[in-house]
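Notes to accompany the following structure.
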Amino acid sequence: MLSQITIQNFGLIERLSIDLAEHLNILTGETGAGKSIIIDALRYVLGERFETSLVRDPKVPCLVQAAFEINDKHLRQHPLFADYLTDGESQLIIERSFQPDGKNKVKINGLALTVGQLKEIGNHLIDFHGAHDHQMLLQEEQHILMLDKLISWENLKNDYQETFAIYSGLLKKLHELSNLAQTNKRDIELLKHQISELEQVPLSEEEFQKTEQDQLKINNAQRLSSCVEQILGLFEDEETGIETLLRKSFSPLKTLSQIDPSTSGLSDNLTAAQESTQNFLDNLRGYADTLTFNAQEAE
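Here's what the structure looks like:
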(Lines of atoms letter the chains of each structure in order from A and count residues from 1; the text may use other names and numbers.)
(Lines give C-alpha, C1' and ligand atoms only; values in the text may rest on other atoms or scores of the structure.)
Protein backbone atom coordinates (compact mmCIF):
# COMPACT_ATOMS: atom_id res chain seq x y z
CA MET A 1 0.00 0.00 0.00
CA LEU A 2 1.21 3.51 -0.85
CA SER A 3 1.33 5.36 2.50
CA GLN A 4 3.08 8.61 1.60
CA ILE A 5 4.39 10.52 -1.38
CA THR A 6 6.66 13.56 -1.31
CA ILE A 7 7.16 15.69 -4.43
CA GLN A 8 9.71 18.48 -4.85
CA ASN A 9 10.37 20.76 -7.85
CA PHE A 10 8.24 18.61 -10.17
CA GLY A 11 5.94 20.26 -12.74
CA LEU A 12 3.74 22.85 -11.03
CA ILE A 13 4.63 21.55 -7.59
CA GLU A 14 7.34 23.31 -5.58
CA ARG A 15 6.98 20.94 -2.63
CA LEU A 16 4.13 18.66 -1.61
CA SER A 17 3.73 15.78 0.82
CA ILE A 18 0.63 13.57 0.91
CA ASP A 19 -0.22 10.98 3.55
CA LEU A 20 -2.65 8.32 2.34
CA ALA A 21 -5.18 6.41 4.44
CA GLU A 22 -5.49 2.63 4.52
CA HIS A 23 -8.75 2.57 2.56
CA LEU A 24 -10.10 4.58 -0.37
CA ASN A 25 -8.28 7.84 -1.20
CA ILE A 26 -9.71 10.28 -3.72
CA LEU A 27 -7.98 13.39 -5.10
CA THR A 28 -10.42 15.92 -6.56
CA GLY A 29 -10.02 19.35 -8.04
CA GLU A 30 -10.57 21.53 -11.04
CA THR A 31 -8.81 21.00 -14.35
CA GLY A 32 -5.25 22.29 -14.05
CA ALA A 33 -5.16 21.95 -10.28
CA GLY A 34 -2.32 19.43 -10.50
CA LYS A 35 -3.98 16.01 -10.09
CA SER A 36 -2.23 14.60 -13.17
CA ILE A 37 1.11 15.99 -11.98
CA ILE A 38 0.82 13.86 -8.84
CA ILE A 39 0.16 10.76 -10.98
CA ASP A 40 3.09 11.69 -13.25
CA ALA A 41 5.31 12.04 -10.19
CA LEU A 42 4.20 8.64 -8.97
CA ARG A 43 4.98 7.13 -12.38
CA TYR A 44 8.40 8.81 -12.30
CA VAL A 45 9.32 7.41 -8.88
CA LEU A 46 8.32 3.91 -10.10
CA GLY A 47 10.66 3.95 -13.09
CA GLU A 48 8.74 5.57 -15.95
CA ARG A 49 10.59 7.68 -18.53
CA PHE A 50 11.40 11.19 -17.33
CA GLU A 51 11.05 14.39 -19.35
CA THR A 52 13.34 17.21 -18.25
CA SER A 53 10.55 19.67 -19.11
CA LEU A 54 8.85 18.49 -15.89
CA VAL A 55 11.60 20.11 -13.77
CA ARG A 56 10.12 23.27 -12.27
CA ASP A 57 13.45 24.98 -11.51
CA PRO A 58 16.53 23.55 -13.35
CA LYS A 59 18.80 24.92 -10.62
CA VAL A 60 17.17 22.84 -7.90
CA PRO A 61 17.07 19.02 -7.63
CA CYS A 62 13.82 17.40 -8.74
CA LEU A 63 12.89 14.72 -6.21
CA VAL A 64 10.02 12.31 -5.64
CA GLN A 65 9.85 9.95 -2.68
CA ALA A 66 7.21 7.27 -2.15
CA ALA A 67 6.71 5.06 0.91
CA PHE A 68 4.98 1.68 0.58
CA GLU A 69 3.81 -0.68 3.30
CA ILE A 70 4.45 -4.20 2.01
CA ASN A 71 2.03 -6.37 3.97
CA ASP A 72 1.25 -8.97 1.31
CA LYS A 73 3.26 -12.10 2.17
CA HIS A 74 3.50 -13.20 -1.47
CA LEU A 75 5.02 -9.84 -2.39
CA ARG A 76 7.37 -9.89 0.61
CA GLN A 77 8.69 -13.30 -0.53
CA HIS A 78 9.27 -12.14 -4.10
CA PRO A 79 13.00 -12.27 -5.07
CA LEU A 80 12.90 -8.64 -6.30
CA PHE A 81 12.32 -7.39 -2.75
CA ALA A 82 14.75 -9.71 -0.96
CA ASP A 83 17.59 -7.14 -0.80
CA TYR A 84 15.38 -4.33 0.54
CA LEU A 85 13.03 -5.99 3.06
CA THR A 86 15.43 -7.51 5.56
CA ASP A 87 15.06 -8.26 9.27
CA GLY A 88 11.27 -8.26 9.08
CA GLU A 89 10.99 -4.78 7.53
CA SER A 90 7.69 -4.00 5.85
CA GLN A 91 8.29 -0.45 4.61
CA LEU A 92 9.76 0.25 1.19
CA ILE A 93 10.96 3.81 0.63
CA ILE A 94 11.69 4.63 -3.01
CA GLU A 95 13.51 7.84 -3.87
CA ARG A 96 14.30 9.09 -7.35
CA SER A 97 15.91 12.43 -8.13
CA PHE A 98 17.16 14.42 -11.08
CA GLN A 99 20.12 16.66 -10.27
CA PRO A 100 20.92 20.05 -11.86
CA ASP A 101 24.03 18.45 -13.43
CA GLY A 102 21.75 16.00 -15.32
CA LYS A 103 22.46 12.93 -13.19
CA ASN A 104 19.75 10.53 -12.06
CA LYS A 105 19.77 8.92 -8.63
CA VAL A 106 17.60 5.98 -7.63
CA LYS A 107 17.47 4.43 -4.15
CA ILE A 108 15.29 1.96 -2.29
CA ASN A 109 15.71 1.93 1.49
CA GLY A 110 19.06 3.64 0.96
CA LEU A 111 20.39 1.12 -1.58
CA ALA A 112 21.19 2.33 -5.12
CA LEU A 113 19.80 0.58 -8.20
CA THR A 114 19.21 1.21 -11.90
CA VAL A 115 16.10 2.70 -13.48
CA GLY A 116 15.46 -0.62 -15.21
CA GLN A 117 15.48 -2.47 -11.88
CA LEU A 118 13.22 0.23 -10.41
CA LYS A 119 10.68 -0.17 -13.20
CA GLU A 120 10.58 -3.94 -12.71
CA ILE A 121 9.91 -3.45 -8.99
CA GLY A 122 7.37 -0.71 -9.70
CA ASN A 123 5.34 -3.07 -11.88
CA HIS A 124 4.57 -5.08 -8.71
CA LEU A 125 3.59 -2.11 -6.55
CA ILE A 126 0.97 -0.06 -8.43
CA ASP A 127 -1.38 -0.80 -11.28
CA PHE A 128 -2.32 2.38 -13.16
CA HIS A 129 -5.75 2.35 -14.76
CA GLY A 130 -6.06 4.93 -17.48
CA ALA A 131 -7.02 5.38 -21.09
CA HIS A 132 -3.50 4.55 -22.33
CA ASP A 133 -2.19 2.30 -19.57
CA HIS A 134 -1.25 -1.35 -19.89
CA GLN A 135 -2.94 -2.84 -16.85
CA MET A 136 -1.44 -5.70 -14.88
CA LEU A 137 -4.69 -7.60 -15.41
CA LEU A 138 -3.81 -7.93 -19.10
CA GLN A 139 -0.31 -9.29 -18.43
CA GLU A 140 -0.48 -13.07 -18.75
CA GLU A 141 2.58 -13.67 -16.58
CA GLN A 142 0.79 -11.95 -13.66
CA HIS A 143 -2.32 -14.15 -13.71
CA ILE A 144 -0.96 -16.99 -11.59
CA LEU A 145 0.37 -14.48 -9.03
CA MET A 146 -3.06 -12.84 -8.80
CA LEU A 147 -4.71 -16.21 -8.30
CA ASP A 148 -2.25 -17.11 -5.55
CA LYS A 149 -3.11 -13.87 -3.73
CA LEU A 150 -6.86 -14.56 -3.85
CA ILE A 151 -6.80 -18.10 -2.46
CA SER A 152 -5.18 -19.46 0.69
CA TRP A 153 -3.99 -22.80 -0.64
CA GLU A 154 -0.33 -23.06 0.26
CA ASN A 155 -0.55 -26.63 1.58
CA LEU A 156 -2.68 -27.80 -1.34
CA LYS A 157 -0.33 -26.09 -3.81
CA ASN A 158 2.75 -27.65 -2.21
CA ASP A 159 1.12 -31.10 -2.22
CA TYR A 160 0.17 -30.64 -5.85
CA GLN A 161 3.68 -29.54 -6.83
CA GLU A 162 5.20 -32.58 -5.10
CA THR A 163 2.68 -34.93 -6.69
CA PHE A 164 3.15 -33.32 -10.10
CA ALA A 165 6.94 -33.65 -9.79
CA ILE A 166 6.53 -37.38 -9.05
CA TYR A 167 4.09 -37.73 -11.95
CA SER A 168 6.44 -35.90 -14.32
CA GLY A 169 9.31 -38.14 -13.26
CA LEU A 170 7.24 -41.30 -13.81
CA LEU A 171 6.00 -40.01 -17.16
CA LYS A 172 9.58 -39.34 -18.25
CA LYS A 173 10.59 -42.84 -17.13
CA LEU A 174 7.62 -44.31 -19.02
CA HIS A 175 8.71 -42.51 -22.21
CA GLU A 176 12.26 -43.78 -21.73
CA LEU A 177 11.02 -47.35 -21.27
CA SER A 178 8.73 -47.01 -24.28
CA ASN A 179 11.60 -45.78 -26.44
CA LEU A 180 13.80 -48.60 -25.11
CA ALA A 181 11.09 -51.14 -25.98
CA GLN A 182 10.87 -49.76 -29.51
CA THR A 183 14.65 -49.93 -29.86
CA ASN A 184 14.69 -53.52 -28.59
CA LYS A 185 11.93 -54.42 -31.03
CA ARG A 186 13.91 -52.97 -33.95
CA ASP A 187 17.06 -54.81 -32.78
CA ILE A 188 15.17 -58.11 -32.57
CA GLU A 189 13.77 -57.67 -36.09
CA LEU A 190 17.25 -56.88 -37.41
CA LEU A 191 18.76 -59.93 -35.70
CA LYS A 192 15.98 -62.15 -37.05
CA HIS A 193 16.71 -60.90 -40.56
CA GLN A 194 20.44 -61.50 -40.12
CA ILE A 195 19.84 -65.02 -38.79
CA SER A 196 17.58 -65.74 -41.77
CA GLU A 197 20.31 -64.60 -44.14
CA LEU A 198 22.92 -66.72 -42.35
CA GLU A 199 20.67 -69.78 -42.56
CA GLN A 200 20.62 -69.43 -46.35
CA VAL A 201 24.43 -69.47 -46.60
CA PRO A 202 25.98 -72.93 -47.28
CA LEU A 203 28.34 -73.52 -44.37
CA SER A 204 30.22 -76.58 -45.68
CA GLU A 205 34.01 -76.63 -45.40
CA GLU A 206 34.47 -76.65 -49.19
CA GLU A 207 32.11 -73.74 -49.71
CA PHE A 208 33.86 -71.84 -46.97
CA GLN A 209 37.29 -72.39 -48.49
CA LYS A 210 36.03 -71.50 -51.97
CA THR A 211 34.38 -68.33 -50.66
CA GLU A 212 37.56 -67.44 -48.76
CA GLN A 213 39.65 -67.96 -51.92
CA ASP A 214 37.21 -65.91 -54.01
CA GLN A 215 37.36 -63.12 -51.49
CA LEU A 216 41.17 -63.23 -51.56
CA LYS A 217 41.08 -62.92 -55.37
CA ILE A 218 38.61 -60.03 -55.20
CA ASN A 219 40.70 -58.18 -52.62
CA ASN A 220 43.83 -58.63 -54.80
CA ALA A 221 42.23 -58.31 -58.24
CA GLN A 222 44.40 -55.39 -59.30
CA ARG A 223 47.67 -57.11 -58.33
CA LEU A 224 46.62 -60.35 -60.05
CA SER A 225 45.73 -58.54 -63.27
CA SER A 226 49.06 -56.71 -63.18
CA CYS A 227 50.99 -60.00 -62.82
CA VAL A 228 49.08 -61.64 -65.69
CA GLU A 229 49.73 -58.66 -67.98
CA GLN A 230 53.41 -58.72 -67.07
CA ILE A 231 53.76 -62.47 -67.90
CA LEU A 232 51.83 -62.12 -71.14
CA GLY A 233 54.09 -59.24 -72.11
CA LEU A 234 57.20 -61.35 -71.56
CA PHE A 235 55.86 -64.20 -73.66
CA GLU A 236 54.19 -62.24 -76.45
CA ASP A 237 56.71 -59.47 -77.11
CA GLU A 238 57.33 -59.33 -80.90
CA GLU A 239 61.09 -58.97 -80.51
CA THR A 240 62.10 -60.65 -77.25
CA GLY A 241 59.02 -62.72 -76.35
CA ILE A 242 59.36 -66.47 -75.81
CA GLU A 243 56.90 -67.23 -78.59
CA THR A 244 58.94 -65.12 -81.03
CA LEU A 245 62.24 -66.71 -79.93
CA LEU A 246 60.84 -70.25 -80.28
CA ARG A 247 59.50 -69.46 -83.75
CA LYS A 248 62.84 -68.01 -84.87
CA SER A 249 64.69 -71.10 -83.54
CA PHE A 250 63.14 -73.48 -86.12
CA SER A 251 65.17 -72.13 -89.10
CA PRO A 252 68.69 -72.54 -87.60
CA LEU A 253 67.65 -75.87 -86.04
CA LYS A 254 66.59 -77.14 -89.50
CA THR A 255 70.00 -76.20 -90.88
CA LEU A 256 71.64 -77.85 -87.88
CA SER A 257 69.74 -81.13 -88.53
CA GLN A 258 70.65 -81.14 -92.23
CA ILE A 259 74.32 -80.89 -91.42
CA ASP A 260 74.26 -83.19 -88.42
CA PRO A 261 71.41 -85.75 -88.56
CA SER A 262 72.07 -86.67 -84.93
CA THR A 263 70.34 -83.38 -83.92
CA SER A 264 67.08 -84.16 -85.73
CA GLY A 265 65.42 -85.12 -82.42
CA LEU A 266 65.85 -81.58 -81.17
CA SER A 267 63.23 -80.45 -83.66
CA ASP A 268 60.64 -82.55 -81.83
CA ASN A 269 61.77 -81.05 -78.54
CA LEU A 270 61.39 -77.52 -79.93
CA THR A 271 57.91 -78.31 -81.26
CA ALA A 272 56.91 -79.72 -77.87
CA ALA A 273 58.25 -76.57 -76.17
CA GLN A 274 56.25 -74.38 -78.55
CA GLU A 275 53.04 -76.37 -77.90
CA SER A 276 53.67 -76.29 -74.16
CA THR A 277 54.20 -72.54 -74.30
CA GLN A 278 51.00 -72.08 -76.30
CA ASN A 279 49.10 -74.26 -73.83
CA PHE A 280 50.52 -72.19 -70.95
CA LEU A 281 49.46 -68.94 -72.61
CA ASP A 282 45.95 -70.26 -73.30
CA ASN A 283 45.58 -71.23 -69.65
CA LEU A 284 46.94 -67.86 -68.54
CA ARG A 285 44.50 -65.95 -70.80
CA GLY A 286 41.67 -68.12 -69.47
CA TYR A 287 42.70 -67.24 -65.93
CA ALA A 288 42.80 -63.55 -66.88
CA ASP A 289 39.15 -63.79 -67.95
CA THR A 290 38.21 -64.96 -64.43
CA LEU A 291 39.59 -61.75 -62.94
CA THR A 292 36.62 -59.75 -64.26
CA PHE A 293 34.19 -59.49 -61.29
CA ASN A 294 30.53 -58.54 -61.09
CA ALA A 295 30.12 -55.76 -58.49
CA GLN A 296 27.01 -57.34 -56.95
CA GLU A 297 28.68 -60.73 -56.76
CA ALA A 298 31.76 -59.18 -55.19
CA GLU A 299 29.60 -57.48 -52.55
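With the numbering used here, you'll find the sequence shown wraps up at 465, consecutive numbering, no jumps. Glycine included, C-beta positions come from ideal geometry on N, C-alpha and C. None of these values were measured; they are calculated from a predicted model.
So what does DSSP say about residue i, is it helix, strand or coil?
{"i": "D185", "result": "strand"}
{"i": "N237", "result": "coil"}
{"i": "T172", "result": "strand"}
{"i": "V367", "result": "coil"}
{"i": "I179", "result": "strand"}
{"i": "K273", "result": "strand"}
{"i": "N350", "result": "helix"}
{"i": "F216", "result": "coil"}
{"i": "G452", "result": "helix"}
{"i": "E286", "result": "helix"}
{"i": "G399", "result": "helix"}
{"i": "G335", "result": "helix"}
{"i": "S344", "result": "helix"}
{"i": "F374", "result": "helix"}
{"i": "D206", "result": "helix"}
{"i": "E196", "result": "coil"}
{"i": "L412", "result": "helix"}
{"i": "I292", "result": "coil"}
{"i": "Q462", "result": "helix"}
On the DSSP bridge assignment, give the partners of residue i in chain order.
{"i": "C228", "result": "F264"}
{"i": "L390", "result": "Answer by DSSP bridge pairing: none, since L390 is not bridged."}
{"i": "V281", "result": "Answer is none; V281 lacks a bridge partner."}
{"i": "L258", "result": "F234"}
{"i": "V221", "result": "F176"}
Whose C-beta lies closer than 8 Å to the C-beta of residue i among residues of the same chain, with five residues either side of it excluded?
{"i": "R209", "result": "F294"}
{"i": "L277", "result": "D249, Y250"}
{"i": "S430", "result": "S423"}
{"i": "L436", "result": "L412, S415, F416, L419"}
{"i": "D426", "result": "none"}
{"i": "P266", "result": "P224, K225, V226, P227"}
{"i": "V394", "result": "L450, Y453, A454, L457"}
Taking just the CA atoms, how far does residue j sit from residue i?
{"i": "S391", "j": "L450", "result": "11 Å"}
{"i": "L304", "j": "K339", "result": "38 Å"}
{"i": "I205", "j": "F234", "result": "15 Å"}
{"i": "Q283", "j": "L346", "result": "48 Å"}
{"i": "T410", "j": "S442", "result": "14 Å"}
{"i": "E365", "j": "H359", "result": "10 Å"}
{"i": "F330", "j": "L336", "result": "10 Å"}
{"i": "G371", "j": "E342", "result": "According to the sequence shown, residue 371 is Glu rather than Gly. Their backbone Cα atoms lie some 46 Å apart in a straight line."}
{"i": "Q381", "j": "F374", "result": "10 Å"}
{"i": "P245", "j": "K239", "result": "12 Å"}
{"i": "L447", "j": "L398", "result": "7 Å"}
{"i": "L178", "j": "N321", "result": "51 Å"}
Go through its chain and collect everything with a Cβ distance to residue i's Cβ below 7 Å, but skip five positions before and after it.
{"i": "G195", "result": "K201"}
Counting only the same chain and skipping the five closest in sequence on each side, list residues whose C-beta sits under 6 Å from that of residue i.
{"i": "I259", "result": "A233, N275"}
{"i": "D185", "result": "Q170"}
What do you reckon, is the C-beta of residue i under 7 Å from a heavy atom of the ligand HEM?
{"i": "L322", "result": "Although the ligand HEM was asked about, the structure shown includes no ligands whatsoever."}
Whole beta strand (DSSP E) elements within the region 417-450, 3-residue minimum: none
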